[in-house]
Structures are given as structure tokens and as C-alpha cells.
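*Asks:* I have a structure here, written as C-alpha cells, and I will follow up with some questions on it.
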Amino acid sequence: MDMAQIRVTPRKLENEAKQMEQTNKQISTLTQDMLNQVSNLTSSWAGDAATAYIGKFKKLQEDMQKMHNMINRYARNMRDMANEYAKTEEKNRQAAEALKNNLIQD
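Here the sequence shown is numbered in UniProt numbering, starting from 1 and rising by one per residue.
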């Protein structure tokens, strides 16, 4: 029977969380730039089509904020997992060190 193996380290989880946060920040910046450009259209574009288009982008902004928050939660969860994994590893290391050796005497 195959047993599942954990093949990750706390450091790897931390690095991945950091990468997620950096990418998330870049996406937020790009999204905000895009929304600013769409908002600037209102000075030169009016009418029902403009209102509908800008309305869609405002909805997109809400969706992007939800996604931004979700990604931040995932990154926090990864950090929490890294901390718990490191604590468990340390407890296991301490338990292993506490084991007696040389129990068999000649």
C-alpha cells in the first residue's frame, strides 16, 4: 500500500506564500490602473453604452477585490501551515532526541 508522503518544508510554504502575495499585489496594481483608465473615459464617452461599459468594470472591481482577499487568505493559510509544520517537526525532533540509546548491554 502506498503511503502519502509530505514533500514540503516550512521554508517552501513561506516562499510560496510570499510569491502569492507579490503576484497578488501586481494584479491589484494592474487592475487599479485599468479601472482608472476606464474611469477617465467618462470625460470623452457618454451614453448608455458608456454607462453599461463602466458599470461592468465597477462590477469587475468588486470581483477583483474578492479575489485579492481570497488570495491573501490562502497566503496566510500557507504561513499558518508552515508554522504548524515547523512546530510539529521540532516536537518530533525533541522526542527523538529524548529516546534512550544503548539499551542492550553486553
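C-beta: ideal position from N, C-alpha, C; glycine also.
1) Please name the residue, chosen from I54, A17, A95 and E89, that lies closest to Y74 on a Cα-to-Cα basis.
2) If we count the other Cβ atoms within 10 Å of its Cβ and call it buried at 16 or more, is A82 buried or exposed?
3) With respect to the alpha helix (DSSP H) encompassing T88, which residues constitute its N-terminal and C-terminal limits?
4) Is there contact between the segment 64-73 and the segment 24-42, where contact requires at least three CB pairs shorter than 8 Å?
5) Check T23 in the structure and name its three-state DSSP category.
*Replies:* So, from the listed chains and residues:
1) What you label residue 74 is simply residue 74 of the sequence shown in a count that begins at 1. Nearest option by C-alpha distance: A17.
2) Translated into positions along the sequence shown, residue 82 becomes position 82. With at least 16 other beta carbons inside 10 angstroms of its own, A82 counts as buried.
3) As a position in the sequence shown, residue 88 is number 88, starting the count at 1. Annotation for T88: the continuous alpha helix (DSSP H) segment containing it runs D48 to A98.
4) Contact annotation: the segment 64-73 touches the segment 24-42, with at least three C-beta pairs closer than 8 Å.
5) As a working mapping, residue 23 is identified with position 23 in the sequence shown. In this structure, DSSP gives T23 a helical state, which the three-state scheme calls helix.
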